[in-house]
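Colleague: Here it is, the structure, as structure tokens.
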Amino acid sequence: VVVPLLLAEDLVATLPGDAGPHAVLAGVSLALQSGEIVDVRGPSGSGKTTMLRALARLLPGVSSARLALDGEPAEKVAPALWRARVALLPQRPAIVPGTVRDNLALPWTLRVRAGDSAPADAELAKALARVHLDVDLERDAARLSVGQAARVALLRVVLTRPRVLLLDEPDASLDDASADEVRAMTQEFAAAGGGVVRVRHHRGDGAASRVLSLAGGTLTEEPS
Ligand SMILES: Nc1ncnc2c1ncn2[C@@H]1O[C@H](COP(=O)(O)OP(=O)(O)O)[C@@H](O)[C@H]1O
Ligand SMILES: [Mg+2]
Numbered sequence: 005v006v007v008p009l010l011l012a013e014d015l016v017a018t019l020p021g022d023a024g025p026h027a028v029l030a031g032v033s034l035a036l037q038s039g040e041i042v043d044v045r046g047p048s049g050s051g052k053t054t055m056l057r058a059l060a061r062l063l064p065g066v067s068s069a070r071l072a073l074d075g076e077p078a079e080k081v082a083p084a085l086w087r088a089r090v091a092l093l094p095q096r097p098a099i100v101p102g103t104v105r106d107n108l109a110l111p112w113t114l115r116v117r118a119g120d121s122a123p124a125d126a127e128l129a130k131a132l133a134r135v136h137l138d139v140d141l142e143r144d145a146a147r148l149s150v151g152q153a154a155r156v157a158l159l160r161v162v163l164t165r166p167r168v169l170l171l172d173e174p175d176a177s178l179d180d181a182s183a184d185e186v187r188a189m190t191q192e193f194a195a196a197g198g199g200v201v202r203v204r205h206h207r208g209d210g211a212a213s214r215v216l217s218l219a220g221g222t223l224t225e226e227p228s
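In structure tokens, the structure reads:
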């Protein structure tokens, strides 16, 4: 039996709503294998972002979460460490004031990486070149285009070497060329043994191993 990279069983999330508490996730189960890119589709408001937040243990409202990473139950992993391994890239990632270097090094200012130093400039520059980002580390991050900022934000997460990437609509507002680069970065991450869950609306881009639908608070496999 292959132990999945990320296992979620019966995630239930009840959030406050206008008409009282509302079960947004009503038993979401997912087994993500190493190397897989799983796409999740579903109408707006169906709970896709909530599901990613629950998988990243960023959601206090989850009542019954059975989560395991590489077979290790979530209860045995401190939340901050879990979030370093199961990294969520939000739909609108924060670009902080400062340079591109400041933005790429941001994760190393967090306590979970205390004692580790950020990658050196040479490594950062190489990483930028690898994803075809022709920007200087000294560039003011506020002057990045939307597509460049999206790639810097994704690179920032990838450089922390998580086991699982949770991408919330990573290419929703990108031009085709930037979306292509984001897809290639995602595929490279999976090919190196990571696992990816992507929330996407667009037509397939050929990268997904499987497509799942979130509706009525549960996930089902879409016929391919
Ligand atoms: N923090 C929150 N508190 C209360 N309700 C929320 C919260 N976040 C999301 N919701 C509600 O949960 C439902 C699912 O939202 P969301 O996960 O953002 O959906 P999607 O990403 O699929 O569009 C929506 O009805 C939304 O209004
Ligand atoms: Mg959403």
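Just so you know, this note's numbering puts 171 at position 167 of the sequence shown, and the rest follows in order with no gaps.
All C-beta atoms in this analysis are idealised placements derived from N, C-alpha and C, irrespective of residue type, glycine included.
Among Arg87, Ala212, Val28 and Leu114, whose alpha-carbon lies nearest the alpha-carbon of Ala219?
Modeller: Out of Arg87, Ala212, Val28 and Leu114, Val28 has the C-alpha closest to the C-alpha of Ala219.
Colleague: Taking its Cβ as the centre, do 16 or more other Cβ atoms sit within 10 Å of Glu174, making it buried, or is it exposed?
Modeller: Here the sequence assigns Pro to residue 174, which means Glu is not the residue at that position. Label assigned to Pro174: buried.
Colleague: How would you call Leu15, buried or exposed, if buried means at least 16 neighbouring beta carbons within 10 angstroms?
Modeller: It is buried - the Cβ of Leu15 has at least 16 other Cβ atoms within 10 Å.
Colleague: Is Thr53 close to ligand 2? I mean its beta-carbon at under 7 Å from any heavy atom of the ligand.
Modeller: Within the cutoff, so yes.
Colleague: Could you work out which residue in Ala17, Leu128 and Ala212 is closest to Leu171 when comparing CA atoms only?
Modeller: Comparing Cα positions, the closest option is Ala212.
Colleague: Taking Gln37 as the reference, give the member of Ser182, Leu11 and Ala88 with the closest Cα.
Modeller: Minimum Cα distance to Gln37 is reached at Leu11.
Colleague: Smallest Cα separation from Leu159: which of Ala176, Leu178 and His136?
Modeller: With distances taken between Cα atoms, Leu159 lies closest to His136.
Colleague: In the DSSP assignment, find the alpha helix (DSSP H) that holds Leu148 and state where it starts and stops.
Modeller: Premise fails: Leu148 is in no alpha helix (DSSP H) and is neither H nor E.
Colleague: Would the C-beta of Gly21 count as close to ligand 1, meaning under 7 Å from any of its heavy atoms?
Modeller: Yes, the beta carbon of Gly21 sits closer than 7 Å to at least one heavy atom of ligand 1.
Colleague: Compute the distance between the beta-carbons of Leu30 and Thr222, then report whether it is under 8 Å.
Modeller: According to the sequence shown, residue 30 is Ala rather than Leu. Yes, these two residues count as a Cβ contact at 8 Å.
Colleague: Using 8 Å as the threshold, is the segment 197 to 215 in touch with the segment 36 to 50, meaning 3 or more CB pairs across them?
Modeller: Yes, the segment 197 to 215 touches the segment 36 to 50.
Colleague: Could you check the C-alpha separation between Ala35 and Ala145 for me, to the nearest Å?
Modeller: Rounded to whole angstroms, Ala35 to Ala145 spans 37 Å at the Cα level.
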